[in-house]
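To keep things clear, I will list the structure first and then write my remarks on it.
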Amino acid sequence: MNEHLEASFPYEGCGFFFGKNGETREITEAYIVDNSKDGDQRRRFEISPMDYMKAERYALANGLDLLGVFHSHPNHPAIPSVHDLKQAMPYFSYIIKSIYDGKLRDTTSWRLNEDTHEFEEEQVDIEKITNKNTQQIAA
Amino acid sequence: MSKIIIPTPLRKFTNQEATVETAGGTVIEAVNDLAGQYPALSKHLLDDGGNIRSFIRIFVGDEDIISLDKGETAIAEDTVISIVPAIAGGTNE
Chain A
0 MNEHLEASFP
10 YEGCGFFFGK
20 NGETREITEA
30 YIVDNSKDGD
40 QRRRFEISPM
50 DYMKAERYAL
60 ANGLDLLGVF
70 HSHPNHPAIP
80 SVHDLKQAMP
90 YFSYIIKSIY
100 DGKLRDTTSW
110 RLNEDTHEFE
120 EEQVDIEKIT
130 NKNTQQIAA
Chain B
0 MSKIIIPTPL
10 RKFTNQEATV
20 ETAGGTVIEA
30 VNDLAGQYPA
40 LSKHLLDDGG
50 NIRSFIRIFV
60 GDEDIISLDK
70 GETAIAEDTV
80 ISIVPAIAGG
90 TNE
């Protein structure tokens, strides 16, 4: 996850992570996907519907929970923006990593409060993440 | 009955069911049947006019209904429909 986001700099990188849901969410795998934003990828990211479907199918096929989405903020704080909030979904954890001049600085995680439609920060401590490209899931 | 795959974030509204069988001969009929079975899901899928929300994409198999007949896309008994939420964001600039 970190290597990909640093390598994506100055563009935003993104992907999914899987594991086990619970009071504490355990992340066991993270998958990189292409930033499919048609436009300035230094300030925006999008995940294609097909990549989303592959992630859901992968979770179902492997008995994992699709826990959320990660993306980077190049030379910007790891704080959710209005754009991050616009299409935020309940349940998902949204991990944001700030990448300054190609180097990881901070990692934060957020969940949507459905009542207020605002993000609330959650504690994040990522362990045992295996980086794989999502195209390998389809193979 | 066709089958609709529910995206993970919305399974709280379907009693954690990942797939739901639905009746109907078109995509919009199947989605309306789904909303009828799980009314709490409705506002996340449909706008006030009963149309599929703009940030929700619907796939029949691997084909986006935008490239087919949209909500009027015909479906068969064994059709698998996927509901795909938009995932996007960025910085405040």
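As you go down the protein sequences, you meet chains A and B in turn. The first sequence begins at 0 in numbering that gives the first Met the number 0 and counts up by one. The second sequence begins at 0 in numbering that gives the first Met the number 0 and counts up by one. Don't be surprised by glycine CBs; every beta carbon is placed ideally from N, CA and C.
### Task
Would you kindly check if the distance between the Cβ of B/I3 and the Cβ of B/L33 is under 7 Å?
yes
### Query
Which residue from B/I27, B/E16, B/T78, B/F58 puts its Cα closest to that of B/D46?
B/I27
#### Entry: Separation of B/G23 from A/F91, as counted between CA atoms
30 Å
### Task
Would you kindly work out how many angstroms separate the C-alpha atoms of B/K69 and A/Y99, rounded to a whole number?
42 Å
### Cβ neighbour criterion (16 or more within 10 Å) applied to B/R52
exposed
### Query
Given a threshold of 16 other Cβ atoms within 10 Å of its Cβ, counted over all protein chains shown, does A/Q40 qualify as buried or as exposed?
buried
### Query
What did DSSP end up calling B/I5 once you bin it into helix, strand or coil?
coil
### Message
Considering Cα atoms alone, identify which of A/L63, A/G67, A/F69, A/R43 is closest to A/V81.
### Response
A/R43
### Task
Measure the C-alpha to C-alpha separation of B/E20 and A/N74 and round it to an integer number of angstroms.
46 Å
### Query
Roughly how many whole angstroms lie between the Cα atoms of A/F15 and A/D114?
25 Å
### Query
For the stretch 33–42 of chain B against the stretch 54–64 of chain B, are there 3 or more C-beta pairs whose distance is under 8 Å?
no
#### Entry: Distance, A/P9 Cα to A/R56 Cα
31 Å
### Query
Does DSSP put A/A87 in a helix, a strand or coil?
coil
### Query
Looking at chain A, which residues of the stretch 44–57 of chain B have a Cβ within less than 7 Å of any of its Cβ atoms?
F54, R56
### Query
Does the beta-carbon distance from A/M0 to A/A29 come in below 7 Å?
yes
### Exposure label - A/I95; buried when at least 16 CB within 10 Å
buried
### Same chain only: Cβ atoms within 7 Å of B/T72, ignoring 5 sequence neighbours per side
T25, V26, V59, I64
### Query
If you measure from the CB of B/S1, is any heavy atom of the ligand GTP nearer than 6 Å?
Of the ligands one can find in the structure shown there are none, so the ligand GTP has no counterpart to examine.
### Whole-angstrom distance between B/I80 and A/E121, CA atom to CA atom
33 Å
### Query
Does the Cβ of A/T23 have 16 or more other Cβ atoms within 10 Å, making it buried, or fewer, making it exposed?
exposed
### Message
If I measure Cβ to Cβ from B/A39 and keep anything under 7 Å in the same chain, skipping five residues before and after, which residues do I get?
### Response
F12
### Message
If you follow the alpha helix (DSSP H) that B/G23 is in, where does it begin and where does it stop?
### Response
From DSSP, B/G23 is part of no alpha helix (DSSP H); its letter is neither H nor E.
### Query
In three-state DSSP terms, what is A/K36?
coil
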